[in-house]
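**Student:** With our numbering as the guide, the letters of the sequence shown map in order to residues 6 to 282. Even for Gly, the Cβ is constructed at its ideal location relative to N, Cα and C.
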Amino acid sequence: MAENEQVPESQNEKVTTKQAEPLLRMVGIGKTFGAVRALSGVDFEVYAGEVVALVGDNGAGKSTLVKTISGVGPADEGECFFEGQPVVINSPQAATRLGIETVYQDLALCDNLDVTSNLFLGHELRTPYRTLNSTEMEKRALAVLKTLDVKLPSARALVASLSGGQRQSIAVAKTILRQAKVVMLDEPTAALGVAQTRQVLNLIKRLKDQGLAVVVISHNMVDVFQVADRVIVMRLGKRVATFDAKNATSGQVVAAMTGADYSTMSGEKASAVGGNE
6 MAENEQVPES QNEKVTTKQA EPLLRMVGIG KTFGAVRALS GVDFEVYAGE VVALVGDNGA
66 GKSTLVKTIS GVGPADEGEC FFEGQPVVIN SPQAATRLGI ETVYQDLALC DNLDVTSNLF
126 LGHELRTPYR TLNSTEMEKR ALAVLKTLDV KLPSARALVA SLSGGQRQSI AVAKTILRQA
186 KVVMLDEPTA ALGVAQTRQV LNLIKRLKDQ GLAVVVISHN MVDVFQVADR VIVMRLGKRV
246 ATFDAKNATS GQVVAAMTGA DYSTMSGEKA SAVGGNE
C-alpha cells in the first residue's frame with residue numbers, strides 16, 4: 006500500500022478494529038510470459054469487511070493479478086502477506102487453505118445437479134457408514150443460503166432451472182461453505198438483467214457485512230460504484246491509481262484507465278489516494 010493511501014472506514018464496527026493491517030497484501034508483484042511483462046511491481050491490498058473493485062481495459066493485468074492471488078498463475082517476483090504473516094501462494098490449493106476463493110465467469114456449476122449437490126461437489130459429507138449424508142448437506146445448504154439472503158425455490162432445485170443471478174449466488178455460497186475470508190468475483194454481473202444484477206450486488210454487500218474481503222473485477226462502472234469502497238485502476242500491467250469510491254466519479258476512473266489526467270477534471274472531487282506508478 007502506498008504511504009499516503011488511506012484505510013477505508015467500514016460500516017461494521019467489529020471489522021474496523023482490524024483495519025490497521027490488510028487481510029491480504031501483495032507487494033511488488035511481477036509476472037512475465039516470454040517477452041511480455043504482464044505485471045510490473047504491482048502492490049495490492051484488501052481489508053476484511055471491504056469491497057475493492059479492480060478495473061482496467063482488456064490487457065491491463067487484472068486477470069493476471071487475480072490468477073497470482075488465486076494460485077493459478079503464481080507470481081515470478083514479489084511478496085505476499087495474509088493476516089500479517091508472509092505466505093507463499095503457489096497453487097490453488099495453497100490459496101484455498103488460506104481462505105482465498107475465486108468465482109470465475111463460468112461459475113463452475115453442474116447444470117444437471119441440484120443446488121445442494123453443487124454446493125458440496127467434491128466436499129460431500131458422509132455418515133459414519135460412509136454413505137452420503139444428504140440430510141446434513143441440505144441442512145447446511147439452506148443455512149448458508151439464508152445467511153446470504155438467497156431466494157431459491159428449493160435446495161434441491163436443478164441448477165439448470167435457475168436464473169443467472171441465482172446461479173451466481175450458488176457459486177458464491179460455495180466459497181462460504183469452504184470458509185472463505187477473501188472472495189474474488191470475476192465480472193459477476195456480466196450478461197445479467199436489471200433484477201438479477203441487483204440480486205448479485207446485494208449479495209456482495211452481504212459478504213462485506215459479514216466481514217469478508219471482496220474483490221470485484223468489473224467493466225461496469227455503475228455496478229462498481231454501487232458496491233465498492235475503493236477502486237484500484239490497472240493499466241499496462243501496473244497499478245496506476247486508487248480511488249476512494251465515495252469521492253470519485255466514473256469519469257475520473259475511466260480517465261485513469263486510459264492514461265488521461267484525472268486530477269484536473271472540472272467539477273469532480275480529487276480522490277486518488279495512492280497507487281504505485
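Note down the Cα distance separating Tyr-109 from Glu-192, rounded to an integer number of angstroms.
**Tutor:** Taking the first residue of the sequence shown as 1, we reach residue 109 at position 104. Taking the first residue of the sequence shown as 1, we reach residue 192 at position 187. For Tyr-109 and Glu-192, the distance between alpha carbons rounds to 8 Å.
**Student:** Among Met-226, Val-232, Ser-223, whose alpha-carbon lies nearest the alpha-carbon of Leu-206?
**Tutor:** On the sequence shown, position 201 is the one that residue 206 refers to. When each option's Cα is compared against that of Leu-206, the closest is Val-232.
**Student:** Can you pull the DSSP bridge partners for Ile-105?
**Tutor:** As a working mapping, residue 105 is identified with position 100 in the sequence shown. Looking at the DSSP assignment, Ile-105 forms a beta bridge with Val-187.
**Student:** Flag this pair as yes or no: are the beta carbons of Gly-39 and Glu-82 separated by less than 8 Å?
**Tutor:** Within the sequence shown, the letter at position 34 stands for residue 39. Within the sequence shown, the letter at position 77 stands for residue 82. Their beta carbons are not under 8 Å apart, which means Gly-39 does not touch Glu-82 by this criterion.
**Student:** Would DSSP call Gln-90 helix, strand or coil?
**Tutor:** Here the question's residue 90 lines up with position 85 in the sequence shown. Gln-90: strand per DSSP, three-state reduction.
**Student:** Leaving aside the five residues before and after Leu-217 along the sequence, list all residues of the same chain whose C-beta is less than 6 Å from its C-beta, in chain order.
**Tutor:** Here residue 217 corresponds to residue number 212 of the sequence shown, with the count starting at 1. So the qualifying residues of the chain are Val-188.
**Student:** Would you call Tyr-52 buried or exposed, if buried means 16 or more other Cβ atoms sit within 10 Å of its Cβ?
**Tutor:** Within the sequence shown, the letter at position 47 stands for residue 52. Burial call: buried.
**Student:** Apart from the five residues just before and just after Asp-266, which ones in its own chain have a Cβ nearer than 6 Å to its Cβ?
**Tutor:** Translated into the one-based positions of the sequence shown, residue 266 becomes position 261. Cβ within range, chain order: n/a, list empty.
**Student:** Grab the span of the alpha helix (DSSP H) containing Ala-200 for me, first residue to last.
**Tutor:** Taking the first residue of the sequence shown as 1, we reach residue 200 at position 195. Secondary structure note for Ala-200: its alpha helix (DSSP H) is the uninterrupted segment 199-214.
**Student:** Give, in chain order, every unbroken run of the alpha helix (DSSP H) that is at least 4 residues long and sits entirely within the region 104-144.
**Tutor:** 120-124
**Student:** Starting from the C-beta of Ser-174, find all residues in its chain whose C-beta is less than 6 Å away, skip the five residues before and the five after it, and write them out in chain order.
**Tutor:** Within the sequence shown, numbered from 1, the residue matching residue 174 stands at position 169. Taken in chain order, the residues that qualify are Val-155, Leu-208.
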